[in-house]
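Quick note on this note's numbering: the sequence shown kicks off at 109 and runs consecutively.
Only one structure is covered here, and it is reproduced in the block below.
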Amino acid sequence: MTRASQRYSAVAIVLHWAIAIAILGMIPLGWWMGDALEVRDTQAQAIAAFQLHKSIGLTVLLLSVARLLWRFTHPVPALPEGMKQWERLAAIATHWAFYFIIIAMPFTGWLYVSTGWSAHDDRPLEVPTLYFGLFQVPHLFGLSHLAEQTRATLAGLFENVHSKMAWGAIGLTALHVAAALKHQFVDKDGVLGRMVPGLEKDPQGSSARGAALAAGFAAIALAALAALWTFQNPTTGAIAPPASVVHSHEDSAHDDNASSETPADDHADAPAQTPPTAAPGAPPSWTITQAASSIRFSGTHAGVAFEGRFASWRADIRFDPNNLEQSSAVVTINTASASDGVPLHDQSLPQQEWFDAANHPTATFRTSAIRSRGGNAYEARGTLTVKGRPIALRLPFTLTLSGNRASMDGSLSIDRKDANLGMASDPDAEYVSREIAVRVHVEAQRAP
Ligand code: HEM
Numbered sequence: 109m110t111r112a113s114q115r116y117s118a119v120a121i122v123l124h125w126a127i128a129i130a131i132l133g134m135i136p137l138g139w140w141m142g143d144a145l146e147v148r149d150t151q152a153q154a155i156a157a158f159q160l161h162k163s164i165g166l167t168v169l170l171l172s173v174a175r176l177l178w179r180f181t182h183p184v185p186a187l188p189e190g191m192k193q194w195e196r197l198a199a200i201a202t203h204w205a206f207y208f209i210i211i212a213m214p215f216t217g218w219l220y221v222s223t224g225w226s227a228h229d230d231r232p233l234e235v236p237t238l239y240f241g242l243f244q245v246p247h248l249f250g251l252s253h254l255a256e257q258t259r260a261t262l263a264g265l266f267e268n269v270h271s272k273m274a275w276g277a278i279g280l281t282a283l284h285v286a287a288a289l290k291h292q293f294v295d296k297d298g299v300l301g302r303m304v305p306g307l308e309k310d311p312q313g314s315s316a317r318g319a320a321l322a323a324g325f326a327a328i329a330l331a332a333l334a335a336l337w338t339f340q341n342p343t344t345g346a347i348a349p350p351a352s353v354v355h356s357h358e359d360s361a362h363d364d365n366a367s368s369e370t371p372a373d374d375h376a377d378a379p380a381q382t383p384p385t386a387a388p389g390a391p392p393s394w395t396i397t398q399a400a401s402s403i404r405f406s407g408t409h410a411g412v413a414f415e416g417r418f419a420s421w422r423a424d425i426r427f428d429p430n431n432l433e434q435s436s437a438v439v440t441i442n443t444a445s446a447s448d449g450v451p452l453h454d455q456s457l458p459q460q461e462w463f464d465a466a467n468h469p470t471a472t473f474r475t476s477a478i479r480s481r482g483g484n485a486y487e488a489r490g491t492l493t494v495k496g497r498p499i500a501l502r503l504p505f506t507l508t509l510s511g512n513r514a515s516m517d518g519s520l521s522i523d524r525k526d527a528n529l530g531m532a533s534d535p536d537a538e539y540v541s542r543e544i545a546v547r548v549h550v551e552a553q554r555a556p
């Protein structure tokens, strides 16, 4: 049996091993994450693992398409002459089956998540796909906008094909490795050395090729270590990022409430505006020091605490402790500015399932009465309107007045169900706590 003379290019070899190692890591990860999601202690890590799984999977898809294009444009070494006909056919069939699986497997995973439906729980599951937390990967073909029954059927199909293909990949890999070992230890035809650099003396070896291979394998090792580290150190809960200016350019006409009475403008966080002078006897207006004020929200996701804030909001406050009767506040919150610094959360919050910022750019809290609870303690009653849903609320707060300056702190908790936030895919609060705590801190100055 003649020794294999030709060889694979450095690019083909590096792509082969990068895809092989990724897939062999992705299968146990896929199996683990499905089960780990059901267990409270591992839920947070599982949720982060889903994003990692999807990111690595999409990278495999990219590399596999590159591999196929390289295959069409760069001839592969011929099979050793001495191989039997059936061995040749088996080798060629395995190779093309692999080209099919390394593309179809990630693609079916992408199609599955694009339905926005959980095949396991048989209900909507709109979770954005973030590529290593960097940017959101679009879901395919508008599948998540189809009728629920169609989404459920397609999700079941794609998830099933996706998980079954894992077994196909394992079977093919076993066949492939067995054949490679036969070439090496039975046929001794050097075929394995064509894909394992350094196994065989490479008469045409050059330093450039050596360098390319070394760089390629170093990149694979680094990527594998980074994936392992990311798996072991999932980003779940976080402290809110500093207030940054977020401007929602949505036309305020969309706003369910603000538009009817107080014309909303996009720049809820704009520097303090001088409110109009109050009518004689009317409570004075207060100018908010935006940078020293905040509206924060907190809860848990998969048992891990998160805390976020709205970076963009404004309030029209008219308050006089001696004239609570006429005192009032209207707070307009830019829903697109909600963020807690966790990429998955920040990408999900503006989505339809959560604040649906595209259709409801602002949420408003409008007081109907403010009463004293003794000392510097007060309570504001009013209506919070989120996504067009009015929720009656009581906001107990304390207020410290010194000269023209006021410092206010209030807190309350909101049931996500009342505000219809994230209820479609998590109606039983398996993942995100139902109760969301809201803390308001306002520093303000009496308007001249
Ligand atoms: C070559 C790359 C990939 C491999 C080898 C792979 C492998 C797997 C495996 C073995 C499972 C477990 C199936 C089971 O529970 O029986 C799984 C689940 C899953 N994969 Fe992949 N996957 C790949 C790429 C992707 C991509 C690109 C996405 C999405 C963008 C994706 C999304 C998912 C999802 C959402 C599940 C969970 C299914 C469920 O439990 O509901 N996968 N994957």
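A virtual CB, placed ideally from N, CA and C, is assigned to each residue, including glycine.
Please read all numbers here as calculations on a predicted model, not as lab measurements.
Residue j beta carbon less than 8 Å from that of residue i
i: Ala488; j: Ile478; result: yes
i: Glu551; j: Ala437; result: no
i: Ala390; j: Gln434; result: yes
i: Gln455; j: Leu238; result: yes
i: Ala205; j: Gly411; result: no
i: Ser420; j: Ala413; result: no
i: Ile164; j: Ala326; result: no
i: Thr499; j: Leu492; result: Inspection of the sequence shows that residue 499 is occupied by Ile rather than by Thr. Yes. Within cutoff.
i: Leu233; j: Ser226; result: yes
i: Ala118; j: Ala263; result: no
i: Ser172; j: Ile210; result: yes
i: Ala545; j: Ser519; result: yes
i: Leu509; j: Pro458; result: no
i: Ala555; j: Trp394; result: yes
i: Gly416; j: Ala446; result: yes
i: Leu432; j: Ser476; result: no
i: Val147; j: Gly324; result: no
i: Val221; j: Tyr116; result: no
i: Gln553; j: Arg524; result: no
Beta-carbon proximity list for residue i, same chain, < 6 Å, skipping 5 on both sides
i: Glu308; result: Gly298, Gly301
i: Ser271; result: none
i: Ala154; result: Met141, Ala144, Leu145
Residue i: CB within 7 Å of a non-hydrogen atom of ligand 1
i: Ile155; result: no
i: Phe456; result: A small fix is needed here, since residue 456 is Ser in this sequence, not Phe. It does not: the Cβ of Ser456 is nowhere closer than 7 Å to a heavy atom of ligand 1.
i: Thr237; result: yes
i: Leu166; result: yes
i: Ala227; result: yes
i: Val221; result: yes
i: Leu562; result: Only positions 109 to 556 of the chain appear in the structure, and residue 562 is not among them; the question remains open.
i: Gly411; result: no
i: Met191; result: no
i: Ala282; result: no
i: Met72; result: Any property of residue 72 remains undetermined from this structure, which presents the chain solely from 109 to 556.
i: His49; result: Residue 49 lies beyond the stretch modelled for the chain, which goes from 109 to 556, so this question has no answer here.
i: Gly142; result: yes
Straight-line gap, residue i to residue j (C-alpha atoms, nearest Å)
i: Gly142; j: Val235; result: 15 Å
i: His253; j: Asn268; result: 21 Å
i: Ala260; j: Met531; result: 18 Å
i: Val294; j: His284; result: 15 Å
i: Gln460; j: Val439; result: 22 Å
i: Gln159; j: Gly511; result: 52 Å
i: His124; j: Thr223; result: 31 Å
i: His291; j: Pro535; result: 56 Å
i: Val353; j: Phe418; result: With a pLDDT of 39 at Val353, under the threshold of 50, the modelled position of that residue is not reliable, and the figure given next carries that caveat. For Val353 and Phe418, the distance between alpha carbons rounds to 10 Å.
i: Pro392; j: Val540; result: 41 Å
i: Ala322; j: Ile522; result: 56 Å
i: Leu248; j: Leu503; result: 43 Å
i: Ala465; j: Trp178; result: 43 Å
i: Ala332; j: Ala277; result: 19 Å
i: His453; j: Leu251; result: 22 Å
i: Ala559; j: Ser402; result: A query on residue 559 cannot be resolved here, the shown segment of the chain reaching from 109 to 556 and no further.
i: Tyr207; j: Arg231; result: 33 Å
i: Val168; j: Phe240; result: 13 Å
i: Phe215; j: Leu166; result: 8 Å
i: Leu176; j: Thr408; result: 44 Å
Any non-hydrogen atom of ligand 3 within 7 Å of residue i CB
i: Glu267; result: Ligands displayed in this structure: ligand 1; ligand 3 is not among them.
Own chain partners of residue i with C-beta closer than 7 Å, once the 5 adjacent residues on each side are dropped
i: Leu187; result: Arg196, Ala199
i: Gly138; result: His161, Ala274
i: Pro305; result: Ile121, Leu321
i: Arg317; result: Ala118
Same chain, Cβ closer than 8 Å to residue i, neighbours up to 5 away in sequence not counted
i: Asn528; result: Val494, Lys495, Arg497
i: Thr150; result: Ala144
i: Ala157; result: Leu137, Trp140, Met141, Ala144, Phe339, Pro342
i: Thr202; result: Leu280, Leu283, His284, Ala287
i: Thr370; result: Caution applies to Thr370, whose pLDDT of 41 falls short of 50 and renders its modelled position unreliable; the value that the coordinates give is listed next. Excluding positions up to five away in sequence, the list reads Asp424, Val438, Thr440.
i: Met134; result: His161, Ile164, Gly165, Val168
Runs of beta strand (DSSP E) lying entirely within the stretch 226–293, each at least 3 residues, in chain order: 237–239, 243–245
Completely contained alpha helix (DSSP H) runs for the stretch 448–535, where each covers 4 or more residues: 451–456, 524–527
Contained alpha helix (DSSP H) runs [length at least 4] in the stretch 134–186, N- to C-terminal order: 148–181
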